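Okay, structure first, notes after.
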Ligand code: T4K
């Protein structure tokens, strides 16, 4: 008998009966998109849950990045990390902005703030860091640098749903932060995303921009786009919000078990929790030192795959190696040694709320028996 397939993640799904009730209500209202009842309810509920003052829902996590850059009128060059999902850099490219890659801090996987200043030129207008795997960036140091040079900061917080530093949401850092609510995320609305901002005026502008730039029936104030979330996904999102804490706690327990079992395996390292941080356990990356472990990262990755365990090599290949970006001066591998090292050694183990004890034992068993 073929062994059960274990994927890197599995979506958090709302209760079908409850979802049916909300669908019935949407059918009764006959209002299915464009800032409807459930859209407003979800924005309100998310502000409360995430401890943020203003949020604007989007149809995915890529369009808020593109829109934030538009709203802040970012041009020229933006400093960013190569160690992310490709959407981060694509958002710059779609705005005609030149990405400037800076290496990462190997202890977190996030952009190394100490390397940012050397990459600033007269054309630099902003920094776009990523809280990779939901681990918060050094937001204090990044703010100091941004303030010193008059730069904007847009955080790609796609992985950082609910993450807090010393009781404060990490989503309040910088000028704006973006979220992804894709099916593969801790919290999902199937496809979806959001932009977090500090004031009502900015929220109003973002709401115009995600609706073609319409300020009212006859006035278009800017060349906006269509990136609205509909009522069905908003209702789905409201239901998922009720169970996300339980899902995060289940992920936490998985992380505890992984750490306990992997601790003794030579050549495998992983991140510990950061002090003062409320984590969301969105990913569980492990790093393989082939010499010490006795097998390369790819050998282990394919061995797991053969046995129906689908880990993922997030984030390999590095964004800076893709054809669009590899010609940039900052994309040169010599400029990004730590990012290359991490990308070449990482496997994200299956991490989600419905992994069983048996699943975890099976995964550990494969890693331990090399
Ligand atoms: N910024 C960052 C830092 C990001 O990581 C992302 C997205 C974005 C921006 C952009 O946000 P979005 O525009 O996507 O909202 C996935 C996701 O598509 C992407 O959202 C995510 N990051 C990225 C890290 O991962 P793939 O190509 O790895 O997904 P896929 O389809 O291979 O799915 C992975 C596994 O998840 C499957 O093996 C099984 C499981 N799965 C997936 C889906 C879609 C399910 O069990 N059910 C499902 O419905 O990109």
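Residue numbers (the working numbering): 778 to 1147.
Heads up, the beta-carbon is just placed ideally off N, CA and C, and yes, glycines get one too.
This structure is a prediction, so every number in the text was calculated from the model and none was measured.
Secondary structure at residue 1125, three-state DSSP: helix, strand or coil? Reduced to three states, the DSSP call for residue 1125 is strand.
Across the segment 1007-1017 and the segment 964-972, are there enough close Cβ pairs to call them in contact, namely three or more that are closer than 8 Å? Touching, yes.
Residues of its chain near residue 989, where Cβ-Cβ distance is below 8 Å and the 5 sequence neighbours each way are ignored: Short of 8 Å from the beta carbon of residue 989, and not among the five residues preceding or following it, lie these beta carbons of its own chain, in chain order: 997, 1001, 1002, 1003.
Tell me whether residue 1131, by its Cβ, gets closer than 7 Å to a heavy atom of the ligand T4K. No, the ligand T4K has no heavy atom inside 7 Å of this Cβ.
Expressed to the nearest angstrom, what Euclidean distance is found between the alpha-carbon atoms of residue 948 and residue 880? Straight-line Cα distance between these residues: approximately 23 Å.
Between which two residues does the alpha helix (DSSP H) containing residue 868 stretch? For residue 868, the uninterrupted alpha helix (DSSP H) run begins and ends at 864-871, by DSSP.
Beta-carbon contacts of residue 839 that lie in its chain and below 6 Å, excluding the five residues immediately before and after: Cβ neighbours of residue 839 beyond the five flanking positions: 864.
Does the Cβ-Cβ distance between residue 909 and residue 1125 come in under 8 Å? The answer is no: Cβ separation not under 8 Å.
Expressed to the nearest angstrom, what Euclidean distance is found between the alpha-carbon atoms of residue 1058 and residue 1029? Their Cα atoms are separated by approximately 6 Å.
On the DSSP bridge assignment, give the partners of residue 941 in chain order. Per DSSP, 946, 1055.
DSSP on residue 992, reduced to helix/strand/coil? Looking at residue 992 - three-state DSSP - the assignment turns out to be strand.
Three-state secondary structure (DSSP) at residue 1066? Of the three classes helix, strand and coil, the one that applies to residue 1066 here is coil, per DSSP.
Tell me the rounded alpha-carbon separation between residue 1142 and residue 807. In a straight line, the C-alpha of residue 1142 is about 53 Å away from that of residue 807.
Does DSSP put residue 972 in a helix, in a strand, or in coil? Note: residue 972 maps to strand in three-state DSSP.
Along the chain, where does the alpha helix (DSSP H) that runs through residue 1013 open and close? It spans 1008-1039 - the alpha helix (DSSP H) in which residue 1013 sits, taken as one unbroken run.
Quick one: what's got a C-beta closer than 6 Å to residue 831's C-beta in the same chain, skipping five residues either side? Apart from sequence neighbours up to five positions away, the residues of its chain that approach residue 831 with a beta-carbon distance below 6 Å are 974, 980, ordered along the chain.
According to DSSP, is residue 787 helix, strand or coil? Note: residue 787 maps to coil in three-state DSSP.
Of all the options 915, 815, 790, 931, which has the alpha carbon lying nearest to the alpha carbon of residue 882? That would be 915, whose Cα lies nearest to the Cα of residue 882.
Going by C-alpha to C-alpha distance, which of 1081, 1110, 1145, 927 sits closest to residue 1037? Across the set 1081, 1110, 1145, 927, the C-alpha of 1145 shows the shortest separation from the C-alpha of residue 1037.
Do you know how far the Cα of residue 970 is from the Cα of residue 836? If I take the Cα positions, the gap works out to 6 Å.
Helix, strand or coil at residue 1003 [DSSP, three-state]: The answer is strand: DSSP assigns residue 1003 an E or B state.
Figure out for me which residue from 1140, 860, 950 has the closest Cα to the Cα of residue 1082. For the residues 1140, 860, 950, the minimum Cα distance to residue 1082 belongs to 1140.
Flag this pair as yes or no: are the beta carbons of residue 904 and residue 919 separated by less than 8 Å? The answer is yes: Cβ separation under 8 Å.
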